[in-house]
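Enquirer: Residue numbers (this note's numbering): 14 to 324. A virtual CB, placed ideally from N, CA and C, is assigned to each residue, including glycine. What you are looking at is a predicted structure, and each value in this text was computed from that prediction instead of being measured. Handing you this structure, nothing more for now.
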């Protein structure tokens, strides 16, 4: 067994296909198949279920995949750890950010990190908060900025700010209310995220606690699709976002605060059982300073800073 075989195996599991994995690692498919056959022979177990629809890991394969991912991540960290030992932090850090937050913070932070920490490579991932939390737990990300309803065990976290939820419509008219109640929301056709989704879970729980049944006109997985559906008049939506000038094609969107307020907390999280590298610590410190200053200088509708104060 060798590291190359582990890399190939991880890629096959993640891509669900020998052919797609072969394209990614730039190896001929027969050679890739041979490497996996040798790995299975060395371990004396079957690692993959093969079918016309693709491949998936066996129980033994799932166990190996989890360990292989961690081994490969540790190998990837070694150059940065060695180079950082005697001076400036170096290496690569993978940072995730929820799609809603990324629209406001991703570009400016990547630019700030590049200037402040030129020897640290930053890999950026944008997904929903639940997916990012799963990637942190599986050690596929070093850090993630996510929305949270209630803290989940297994992570270290720094709460940064709490964000109010808004009813989002195509446009605001002179007759639009200043705030909107859950009872009024229940009368609106709504375009909501498909469960499981953090915002959707908070909305469903709030309606249930109020004894109300929402009128769900459609469910969608991607923020851009939800906004497109709202723009087309299919219904309204509910988001932790009160302003849309930063979203292309959504300038005519309007946001009305929900009353009583519903909040999510934006937190920076990392895996609890993984020792941080100097590069990760440097990126985390840089991000905390950046987020505080950015929100001070560019206030976000409905956002209230609750994180560390300035030094």
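Between residue 322 and the rest of its own chain, which residues show a CB-CB distance below 6 Å, the 5 nearest in sequence each way excluded?
Expert: Numbered from its first residue, the chain shown carries residue 322 at position 309. Result list for residue 322: empty, nothing under 6 Å.
Enquirer: Would you check if the distance between the CB atom of residue 277 and the CB atom of residue 219 is smaller than 9 Å?
Expert: Residue 277 sits at position 264 when you count from the first residue of the chain shown. Residue 219 sits at position 206 when you count from the first residue of the chain shown. Contact flag unset, no.
Enquirer: Taking only the alpha-carbon atoms, compute the straight-line gap between residue 47 and residue 65 and give it to the nearest angstrom.
Expert: Residue mapping note: residue 47 aligns to position 34 of the chain shown, counting from 1. Residue mapping note: residue 65 aligns to position 52 of the chain shown, counting from 1. Looking at the two C-alpha atoms, the distance is approximately 19 Å.
Enquirer: Which complete beta strand (DSSP E) runs does the stretch 65 to 120 hold, if anything under 3 residues is left out?
Expert: Whole beta strand (DSSP E) segments, 3+ residues: 67 to 70 and 104 to 111.
Enquirer: How should residue 128 be labelled, buried or exposed, when 16 other C-beta atoms within 10 angstroms of its C-beta is the threshold for buried?
Expert: Within the chain shown, numbered from 1, the residue matching residue 128 stands at position 115. Counting Cβ neighbours within 10 Å, residue 128 comes out exposed, since fewer than 16 surround it.
Enquirer: Output the distance between the C-alpha atoms of residue 256 and residue 69, rounded to the nearest integer angstrom.
Expert: Here residue 256 corresponds to residue number 243 of the chain shown, with the count starting at 1. Here residue 69 corresponds to residue number 56 of the chain shown, with the count starting at 1. Using only the alpha carbons, I get a separation of about 42 Å.
Enquirer: If we call anything under 9 Å between Cβ atoms a contact, is residue 184 one with residue 267?
Expert: Position 171 of the chain shown, counted from the start, is the residue given in the question as residue 184. Position 254 of the chain shown, counted from the start, is the residue given in the question as residue 267. For residue 184 and residue 267, yes; Cβs fall inside 9 Å.
Enquirer: Closest to residue 51 by CA distance: which of 19, 320 and 27 is it?
Expert: In the chain shown, residue 51 corresponds to position 38, counting from 1. The shortest C-alpha separation from residue 51 is found at 19.
Enquirer: Is residue 165 buried or exposed, if buried means 16 or more other CB atoms sit within 10 Å of its CB?
Expert: The count along the chain shown starts at 1 and reaches residue 165 at position 152. That one is exposed.
Enquirer: Starting from residue 27 and walking both ways along the alpha helix (DSSP H), at which residues does that stretch end?
Expert: On the chain shown, residue 27 is found 14 positions in, with the first residue counted as 1. Note, residue 27: alpha helix (DSSP H), 16 to 28.
Enquirer: If distances are taken between C-alpha atoms only, which option among 41, 23 and 315 comes closest to residue 71?
Expert: Along the chain shown, read from residue 1 onward, the residue named residue 71 stands at position 58. It is 23 whose Cα lies nearest to the Cα of residue 71.
Enquirer: How is residue 174 classed by DSSP in three states: helix, strand or coil?
Expert: Residue 174 sits at position 161 when you count from the first residue of the chain shown. Of the three classes helix, strand and coil, the one that applies to residue 174 here is strand, per DSSP.
Enquirer: If we ignore side chains and look at the alpha-carbon of each, how far apart do residue 15 and residue 177 end up?
Expert: Your numbering for residue 15 matches position 2 in the chain shown. Your numbering for residue 177 matches position 164 in the chain shown. If I take the Cα positions, the gap works out to 50 Å.
Enquirer: Assign residue 315 to one of two classes, buried (16 or more other C-beta atoms within 10 Å of its C-beta) or exposed (fewer than that).
Expert: Taking the chain shown and counting its residues from 1, the one referred to as residue 315 is at position 302. Buried: at least 16 other Cβ atoms inside 10 Å.
Enquirer: Let me know if residue 123 comes out buried or exposed under the rule of 16 or more other beta-carbons within 10 Å of its beta-carbon.
Expert: Taking the chain shown and counting its residues from 1, the one referred to as residue 123 is at position 110. Per the 10 Å Cβ criterion, exposed.
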